[in-house]
Structures are given as structure tokens and as C-alpha cells.
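> Under the numbering used here, read the sequence shown as residues 64 to 246, first letter to last.
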Amino acid sequence: MQAGPERTIATERLLLEPLVPAHALALTRFARLWEVARYTASIPHPYPPGCAEAFAKQAVERRRGGGGWIFAVVPPDRRDVLGVADITLSDDRRSGELGYAYAPWTWGNGYATEVARALIRFGFDRLRLDLIGAYAMVENAASCRVLAKAGLRRIGERTLPAPARGRDILCEAYRMVWTERLV
Ligand SMILES: CC(C)(COP(=O)(O)OP(=O)(O)OC[C@H]1O[C@@H](n2cnc3c(N)ncnc32)[C@H](O)[C@@H]1OP(=O)(O)O)[C@@H](O)C(=O)NCCC(=O)NCCS
């Protein structure tokens, strides 16, 4: 992995570019879909005009403020955005929480797992985190599988807001501390 805080991260098949407003149009193509929004903690549905641009601007501010990293997941030719993946830091900057969403036409290729593993390496090696966690809705079997394949351990359940549903949803909680890292 060639990584630097303001640089692109290369995985085996993909690039993770720090999200900027230029990614917004391609991001909208999948973020507006119900099958994507319904499982996320941050994507509203219907997807309002300008939402992707505002999200990308927030990403730039969050990065500059040290609050975390949101990446556009792009193919090697950089001509599309296949997904978005992020690591949000706690106030004390000791722990991070993973999040991600991918365009449905990319599902089933192992991309989410490949990127989650790269973000875990980035979090522990570059950001020097002690702990990385993530939540996935209990009904979102694919995402629970991604987190397990990436090496996170299921530690319990809690309810969290699901903006596209307009209510709280039961989620599985996963985590990895740096001494447990396998990836
Ligand atoms: C969940 C999501 C990220 C998975 O992306 P992906 O690139 O297809 O993931 P991967 O290919 O790396 O792995 C998916 C795994 O889930 C499995 N899977 C897929 N659908 C499944 C289902 N309905 N039940 C059980 N397992 C399932 C796949 O078989 C694969 O496991 P395997 O490699 O052991 O066969 C993608 O579907 C997505 O973006 N969904 C909408 C947004 C979302 O859910 N975000 C996560 C919020 S926590």
C-alpha cells in the first residue's frame, strides 16, 4: 500500500482517492438508489439534489480538521467512482469507525473486503489507531460478511439511526484492536 495522508491509497485492484466535489456526480449515481441507502447510516432517501456535493465538501473539511478520511473508490483509470469508504476518528483520535457503500453493479467482486482491509492497514499503520470498529445492520448479511472477512470480531449489537428508513435499526458491532490485526 502506498499511502500518505493526502495521497491516494492503492489496493490490489483499486485506488482510494480522498473524496472531493469532482467525485460528486458519479457518487450520486449509486447513492440515490434505495438498495444502497437502506443499509447505511448516512445516506438519506430520496437523495436530495446537492447532497453528494455537500458530502464531498464535508469530507474535505473533516480531513483538514483531522476528524477522519472519506475516500472515493475508483478503478485504476480513475474514470468512475465505484464506491465510497471512510474511517471516522473519535475525538481523542485513538479509534476509528469504518463505513462504506458501493454501486450495485460492482457487488460480489470482493471490492468492499479489499478496501476494508486497506483502510484497516491505513488506520493502524498511518493513523496509529488503537482500535477500529464498524457497525452493520443485522439484516445486512453481505456487510456483516465483509467485516468478518476483513478480520473484525463481532462484539455485540446496538440500535443506530438509519436515515433512509427514518427510524433506528438493530446493528451488529464489530471491532479490531491493533494487537489483533491479521490483515
Ligand atoms: C455490503 C456491500 C458493501 C458489499 O460489497 P461487495 O463489494 O459486494 O462485498 P464483497 O464482495 O467484498 O463481499 C461480500 C460478501 O457477502 C456475501 N453476501 C452477499 N450477499 C449476501 C447475502 N444476502 N447473505 C449472505 N452473504 C452475502 C458474498 O457472498 C461475499 O462473501 P464471500 O466472499 O464469502 O462469498 C455492498 O453490497 C453495498 O454497498 N451495499 C449497500 C450499502 C451498504 O450496505 N453499506 C454497508 C453499511 S454497514
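Ideal Cβ placement from N, Cα and C applies to all residues, glycine included.
Cutting at 8 Å between CB atoms, please list the residues of its own chain near Arg238, excluding the five before and the five after it.
Leu194, Ile195, Gly196, Ala197, Leu215, Arg216, Ile218
> Using C-beta distances below 6 Å, list every residue in its chain close to Val240, excluding the 5 sequence neighbours before and after it, in chain order.
Leu194
> Do you know how far the Cα of Pro109 is from the Cα of Arg180?
31 Å
> Can you determine whether any heavy atom of ligand 1 sits closer than 6 Å to the C-beta of Ala135, and answer yes or no?
no
> Relative to the C-alpha of Thr103, which residue among Leu182, Arg127, Gly186, Arg228 is closest?
Among Leu182, Arg127, Gly186, Arg228, the Cα nearest to that of Thr103 belongs to Arg228.
> Quick check: is any heavy atom of ligand 1 less than 6 Å from the C-beta of Gly131?
no
> Return the first residue and the last residue of the beta strand (DSSP E) that Gly196 is part of.
194-200
> How about Arg208: is its Cβ closer than 6 Å to a heavy atom in ligand 1?
yes
> Between which two residues does the alpha helix (DSSP H) harbouring Gly128 extend?
Counted as a single uninterrupted DSSP element, the alpha helix (DSSP H) harbouring Gly128 occupies residues 114-128.
> Around the C-beta of Ala135, are 16 or more other C-beta atoms found within 10 angstroms, so that it is buried, or is it exposed?
buried
> Is Tyr237 near ligand 1, judged by its Cβ being under 6 Å from some heavy atom?
no
> Rounded to whole angstroms, what's the CA-CA distance from Leu192 to Leu233? Just pull it up for me.
Leu233 has its alpha-carbon roughly 27 Å from the corresponding atom of Leu192.
> Could you tell me if Arg230 is buried or exposed, where buried requires 16 or more neighbouring beta carbons within 10 angstroms of its beta carbon?
exposed
> Grouping DSSP H, G and I as helix and E and B as strand, with all else coil, what is Val83?
coil
> Looking only at its chain, what residues have a beta carbon closer than 8 Å to the beta carbon of Glu220, apart from the 5 residues adjacent to it on each side?
Val201, Leu233, Cys234, Glu235, Ala236
> Among the candidates Trp132, Pro226, Tyr174, whose CA atom is the shortest distance from the CA of Pro138?
Tyr174
> In the DSSP assignment, find the unbroken beta strand (DSSP E) run with Glu235 in it and report its ends.
230-240
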